[in-house]
Amino acid sequence: MLDREGFRPNVGIILLNARNQVFWGKRLRTHSWQFPQGGIKHGETPEQAMFRELHEEVGLRPEHVQILARTRDWLRYEVPDHFIRKDARGHYRGQKQIWFLLRLVGRDSDMNLRATNHPEFDAWRWNDYWVPLDVVIEFKRGVYEMALTELARFLPRTTHHNRYLRAGMRDRRHDPRGEPPHGDGPAAEQTGS
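Structure follows, in structure tokens:
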């Protein structure tokens with residue numbers, strides 16, 4: 001199903017863990033890494049396609065994730081001619097994608113790259129949010145950068161634990177004499193952004 005300009009509707013998925021690291025999948029039998037993505041079937045909404053692709057490629061169900069955001073509009077990339085089947089050349093130009101930012105609320109063990117008979121990935125890992133785009137196939141790098149940039153403002157704040165309390169020490173920042181705040185016992189754990 002192509003639009004008038006030759007772009008196939010598609011969804012992309014940026015899946016976060018609790019540390020705001022992203023799921024990074026290695027394409028089956030290649031050295032190419034990417035986010036889960038896939039086409040929108042006739043009659044599907046982008047959200048329905050996202051949940052279907054999430055299960056097909058990563059093995060997760062809707063109860064394993066929380067939707068944090070999605071891109072406002074379609075992000076497009078063109079596919080070079082040598083990657084397009086000969087019978088589609090002249091009609092097919094590339095993908096237009098709605099990108100979703102998801103938080104994994106399940107466990108890593110809920111993921112299953114063999115959830116269907118047609119796996120997309122043969123390995124996965126967690127990576128920093130700003131993934132090394134040089135391992136992404138060149139013609140997708142721009143759309144990855146656009147999606148990551150647009151959705152970065154929706155990243156949940158992570159908790160930073162007070163380093164003094166982790167070491168079993170009192171929080172001395174509030175009282176120069178070394179007395180804990182409130183005068184009795186260790187300081188309450190501090191959080192930041």
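Under the UniProt record's numbering, the sequence shown has 145 at position 145, and the numbering climbs by one with no breaks. Positions of the beta carbon are idealized from the N, C-alpha and C atoms, including for glycine.
Does DSSP classify residue i as helix, strand or coil?
i: Phe23; result: strand
i: Arg29; result: coil
i: Pro9; result: strand
i: Met169; result: Model confidence at Met169 stands at a pLDDT of 44, short of 50, so the residue's coordinates are unreliable and nothing is read from them.
i: Val65; result: strand
i: Ala188; result: Residue confidence is low: Ala188 scores 39 on pLDDT, short of 50, so the model does not pin down where it sits. Its coordinate-derived value is still stated next. Coil, per DSSP.
i: Leu54; result: helix
i: Glu78; result: strand
Can you have a look at residue i and say buried or exposed, based on whether 16 or more other CB atoms are within 10 angstroms of its CB?
i: Leu104; result: buried
i: Pro62; result: exposed
i: Ala123; result: exposed
i: His64; result: buried
i: Gln66; result: exposed
i: Trp24; result: buried
i: Ala167; result: In this prediction, Ala167 has a pLDDT of 48, which is less than 50 and means its spatial position is unreliable; nothing more can be read from the coordinates.
i: Arg93; result: buried
i: Met111; result: buried
i: Asn10; result: buried
i: Ala88; result: exposed
i: Gln48; result: exposed
i: Met1; result: exposed
i: Lys96; result: buried
i: Pro132; result: exposed
Starting from the C-beta of residue i, find all residues in its chain whose C-beta is less than 7 Å away, skip the five residues before and the five after it, and write them out in chain order.
i: Arg19; result: Thr158
i: Ala147; result: Gly12, Ile14, Thr71, Leu75 and Trp99
i: Trp130; result: Leu148
i: Pro80; result: Phe139
Going along the chain, which residues of its own chain have a beta-carbon closer than 6 Å to the beta-carbon of residue i, five neighbours each way excluded?
i: Met169; result: Note that Met169 has pLDDT 44, beneath the 50 cutoff, so the model's placement of it is unreliable and the number below is only indicative. Cβ neighbours of Met169 beyond the five flanking positions: none.
i: Leu155; result: Asn20
i: Gly59; result: Met111, Asn112 and Ala115
If you follow the beta strand (DSSP E) that residue i is part of, which residue opens it and which one closes it?
i: Gly38; result: Gln37 to Gly39
Give every residue of the same chain whose Cβ lies closer than 8 Å to the Cβ of residue i, excluding the five residues on either side of it in the sequence, and list them in chain order.
i: Glu44; result: Arg52
i: residue 194; result: Shown here, the chain extends from 1 to 193; a query on residue 194 therefore has no answer.
**Request:** Scan the stretch 91-153 and note each continuous alpha helix (DSSP H) run of 4 residues or more that stays entirely inside, going in chain order.
**Result:** Here the runs fully enclosed are 141-151.
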